[in-house]
Each structure stands twice: as structure tokens, then as C-alpha cells.
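*Asks:* Numbering (the working numbering), first residue to last: 71 to 407.
For every residue, glycine included, the Cβ atom is placed at its ideal position computed from N, Cα and C.
My structure is below; once you've seen it, I'll send some questions.
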Amino acid sequence: MNLNVSPLTLNLRTTFRVSHGASDRRENALVTLQHEGLTGYGEAAAVFYYGDTYESLSAALQSLPPLGDDPFALEEILNRLPPMSHAAQAAVDMALHDLWGKRLGQPLYRLLGLTPAPLPQTSFTIGIDTPEAMSARARETQYPIIKTKLDSQNPETQVAAIRAASSAVLRVDANAAWTPAQALDLIPRLAPYDLELIEQPLPAGDPEAYRWLKHELARRDVRVPIYIDESLQTSRDVARHAGAVDGVVVKLMKTGGLREALRAIHTARAHEMQVMLSCMIESSLGVTAAAHLAPLCDQLDLDGPLLIANDPFDGLRYDGANLSLPDRPGIGAALRL
Ligand code: MG
């Protein structure tokens with residue numbers, strides 16, 4: 071199998087601001103794996119707060135030892151990869167899964183034993199802005215599920231502004247911006263705005279802080295489900311948070327691809343946790359690959375392609391918040407020419 075790497079330049083429709091920073095353009099890496107006349111595609115998202123750039127991803131992928139000639143030997147090939155960024159791993163994993171499906175002439179969801187309908191609806195994300203601008207975004211969006219980013223400056227005003235403008239299901243994401251004391255103060259004040267869940271209120275790397283928060287919220291009879299995102303990369307992190315949170319956010323760029331994402335989903339199920347499937351800023355290639363796992367998940371946050379003005383791939387279809395998977399073989403994402 072022959073591996074090639076090239077840039078995927080994604081222009082965002084609007085500047086996207088979360089508590090980690092802001093951006094209006096991304097340069098992801100496209101991996102192509104050629105094998106006996108077929109091409110497997112994979113994408114690595116350059117997430118700046120993980121330290122990945124197109125240059126670093128491309129250097130890691132181009133220095134890989136040969137992957138061999140059997141695209142069905144997924145476990146063996148992936149276990150042999152040298153340590154590298156999970157986004158780079160994800161691109162290789164995705165390209166192998168794409169070849170697997172193309173070789174067998176079947177869409178990936180079928181090879182995984184899944185049926186693609188009906189899927190949960192996806193949320194639409196509102197980035198951090200002034201409460202007035204966030205409220206205007208909420209009012210104009212037609213999506214039935216809104217996910218809003220929050221910071222530590224004025225989260226209550228932001229949530230109140232959105233709630234006043236929209237009766238959509240509302241999820242909030244603090245992206246690790248709050249201290250435990252802030253979270254314990256804020257969450258009971260945010261709960262009356264009828265939130266479906268709160269994502270990553272606390273910094274990553276401290277399951278005990280989450281265990282403490284859950285206990286303290288229960289003591290105050292505050293019942294908003296708490297999910298982790300940045301705290302979780304692989305299935306091991308799911309197990310470490312058993313009993314400490316209500317749900318986990320799974321993304322291929324964190325797990326290093328579909329293989330480990332499946333393990334993370336099953337680990338969460340074993341611990342009676344909910345699962346939200348999400349994405350980074352990725353084209354329809356990466357997001358369609360993830361969406362093949364959507365039948366196993368409770369919530370979807372797969373609006374990546376909706377944020378991009380020049381999506382180089384055609385894949386997952388959006389009818390408002392309703393998603394349908396392509397039935398082409400493999401991932402089913404086709405390069406737009
Ligand atoms: Mg998040």
C-alpha cells in the first residue's frame with residue numbers, strides 16, 4: 071500500500087471562537103492509501119491546542135514505515151504504528167477502513183453490523199461571542215438542538231440570552247474553562263435554563279475533581295448530566311472516569327480513529343455512560359467516517375461540514391439536523407473535483 075499526504079485547506083464560514091482561542095481557516099492533512107487500483111481516504115485535523123499543524127502531521131505521516139500490503143490486517147498495522155499524534159493515527163485508521171469497505175464493496179456501517187436509520191439529530195454549534203450576538207445566532211438558526219460554547223467570563227448571561235431567544239434543546243460546552251469552585255457555583259445557576267447536558271466544565275486530567283463535582287451537585291439535587299470531552303482520548307480514559315461523569319464525547323481525532331473509538335463507545339456502555347459522537351473542524355471526509363458509528367451513540371455533534379465554506383468532500387447528507395449516511399462502499403466520501 072502506498073501512502074501519500076497532502077494539505078486540505080478549509081475556510082470557515084465564520085470565525086469560530088472557543089475558550090481555547092479563535093480561528094477562521096484550518097489546514098488539515100489528507101491521507102491517500104493506494105492498493106490494487108483502489109484509494110482509501112483519511113483525514114487528520116490540525117487542532118492547534120493539541121499542538122498539531124499540517125507540517126507536523128505531514129512529517130509524522132510521511133516518515134511512517136511501510137504499512138504492508140494487506141488492508142484487512144487493521145489491528146496488526148495500527149498496533150505497529152510508532153507513537154504519533156492521535157489525529158495522524160486517525161487518518162491512517164480511516165484510510166484503512168475506507169479500503170476495507172471499498173475492497174468488499176460495502177459501506178462501513180454494514181461491515182460494523184449497523185443500520186444507518188434513524189440516527190439521532192445533530193446539534194449546531196454557536197461559538198463564544200457577546201450575549202447579543204449569541205442570542206441572534208440562536209434566534210436565526212433553525213436547528214432543534216443548539217450547542218453553545220461558554221467561557222468563564224459571563225456564562226450565565228450567555229446562556230440566558232440564548233434561552234430567551236430559542237426553545238431548542240440546549241447543550242453547553244465550557245471547554246475546561248472553570249475551576250471546581252466556579253463549576254459548583256455556576257452549574258446550579260445554569261440548570262434552570264433547561265440544559266440537556268454540560269460538557270467539560272473542569273480541566274482535563276483529574277477524574278477525582280469530576281467525582282467530587284458529581285457528588286456535590288447530587289447533594290444539592292442539581293441533575294444536569296456532566297460529560298467529558300478534553301478529559302478523554304481513548305477507552306482507558308473512559309474507564310478512569312467511571313462513576314465520575316454521566317457521559318463521554320468521542321471524536322476520531324482523539325481516539326486515533328474508528329477502531330479505538332469503537333472500544334471507547336463499548337467501554338462507556340459497560341460503565342452505563344451516555345455517548346456523544348463529535349468531531350473537530352473536519353471536512354465531510356472525517357465527519358462521514360465518524361458518522362458510521364452514529365447508530366451506537368446517544369447524541370451527535372457532527373456539524374463540522376456546516377462550518378466550512380469549501381468542503382472538498384461529498385459524504386454525509388444534512389437535511390437540517392437529520393443526517394443520512396452515503397451508501398457508497400467504505401467511508402463513502404467522494405473528493406469533489
Ligand atoms: Mg467539547
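Tell me the rounded alpha-carbon separation between T337 and A234.
*Replies:* Position 267 of the sequence shown, counting from 1, holds the residue named residue 337. Position 164 of the sequence shown, counting from 1, holds the residue named residue 234. Rounded to whole angstroms, T337 to A234 spans 38 Å at the Cα level.
*Asks:* Report yes if the C-beta distance between A334 and S305 is below 7 Å; otherwise report no.
*Replies:* On the sequence shown, residue 334 is found 264 positions in, with the first residue counted as 1. On the sequence shown, residue 305 is found 235 positions in, with the first residue counted as 1. Cβ atoms of A334 and S305: closer than 7 Å.
*Asks:* Pop quiz: L144 and R329 are said to be a contact at Cβ under 8 Å. What is the actual Cβ separation, rounded to whole angstroms?
*Replies:* Numbered from 1 along the sequence shown, position 74 holds the residue referred to as residue 144. Numbered from 1 along the sequence shown, position 259 holds the residue referred to as residue 329. Confirmed, Cβ separation roughly 6 Å.
*Asks:* Just to confirm, is the Cβ distance from A244 to Q228 under 7 Å?
*Replies:* Position 174 of the sequence shown, counting from 1, holds the residue named residue 244. Position 158 of the sequence shown, counting from 1, holds the residue named residue 228. No. Outside cutoff.
*Asks:* Please state the DSSP three-state secondary structure of Y119.
*Replies:* Here the question's residue 119 lines up with position 49 in the sequence shown. Of the three classes helix, strand and coil, the one that applies to Y119 here is helix, per DSSP.
*Asks:* Relative to the C-alpha of A138, which candidate in R95, L103, P295 and L395 has its C-alpha closest?
*Replies:* One-based indexing of the sequence shown puts residue 138 at position 68. The residue asked about is misnamed: residue 138 is Gly in this sequence, not Ala. The option with the nearest alpha carbon to G138 is L103.
*Asks:* With the ligand MG as the reference, list in chain order each residue whose Cβ lies under 5 Å from any of its heavy atoms.
*Replies:* So the residues near the ligand MG by this Cβ test are D243, E269 and D299.
*Asks:* Which one of V75, L407 and Y124 has the shortest CA to CA distance from R95?
*Replies:* The sequence position of residue 95 within the sequence shown is 25, counting from 1. Of V75, L407 and Y124, the residue nearest in Cα terms is Y124.
*Asks:* By the three-class DSSP mapping on this structure, what secondary structure does M164 have?
*Replies:* Counting from one through the sequence shown, the residue named residue 164 turns up at place 94. It is helical.
*Asks:* Can you tell me which of T185, A261 and R173 puts its alpha carbon nearest to the alpha carbon of L15?
*Replies:* Here the chain comprises residues numbered 71 to 407, so residue 15 is not present and cannot be evaluated.
*Asks:* With Y280 as the anchor, note down where its alpha helix (DSSP H) starts and where it stops.
*Replies:* As a position in the sequence shown, residue 280 is number 210, starting the count at 1. Unbroken alpha helix (DSSP H) run through Y280: P277 to R289.
*Asks:* So the candidates are H311, L322 and P258; which of them puts its Cα closest to the Cα of D291?
*Replies:* The sequence position of residue 291 within the sequence shown is 221, counting from 1. Closest by alpha carbon: P258.
*Asks:* What does the Cβ neighbour count give for G107, buried or exposed, with the cut at 16 atoms within 10 Å?
*Replies:* Your numbering for residue 107 matches position 37 in the sequence shown. Classification of G107: exposed, given that the 10 Å Cβ count is below 16.
*Asks:* Span of the beta strand (DSSP E) holding G402?
*Replies:* As a position in the sequence shown, residue 402 is number 332, starting the count at 1. Where G402 is concerned, there is no enclosing beta strand (DSSP E), given that its DSSP letter is neither H nor E.
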